[in-house]
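In full-length UniProt numbering, the protein residues as written are 1 to 95.
Written out as structure tokens, the structure is:
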């Protein structure tokens with residue numbers, strides 16, 4: 001997570017959204033009993049992926065994908081994702 005945040009914000013390196021996305025996806029794909037203790041980090045990674053799709057950071061704007069990742073993050077208990085889904089962009093969103 002820290003490496004992904006560094007890539008996204010350009011801390012200690014040049015900002016690189018594609019590398020940040022790769023790192024967030026790597027964390028978000030973690031499942032199983034071992035990873036249950038990292039549920040907060042996984043939820044944050046899912047939120048960040050949704051945020052990048054919503055704002056077009058390193059990827060094209062894709063509200064369907066953003067909505068999908070926000071919903072997954074909400075299932076992991078991420079409140080930022082829940083707030084994002086209440087954004088006017090998603091209030092009447094139909095998949």
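Just so you know, even glycine gets a beta-carbon here, dropped at the ideal spot from N, CA and C.
Looking at the backbone, the Cα of residue 15 and that of residue 81 are separated by about 23 Å.
Look at the beta carbons and you see the region 46-55 touching the region 69-83: at least three pairs across the two are nearer than 8 Å. Taken through DSSP and simplified to helix, strand or coil, residue 15 comes out as coil.
Selection 72, 85, 63 and 89 evaluated against residue 30 yields 72 as nearest (Cα-Cα). Nearest Cα to residue 62 within the set 41, 43, 37 and 89: 89. In this structure, residue 11 keeps its C-beta atom at 8 Å or more from the C-beta atom of residue 27. By the neighbour-count definition (other C-beta atoms within 10 Å, threshold 16), residue 64 is an exposed residue. As the crow flies, the alpha-carbon of residue 86 is around 15 Å from that of residue 75.
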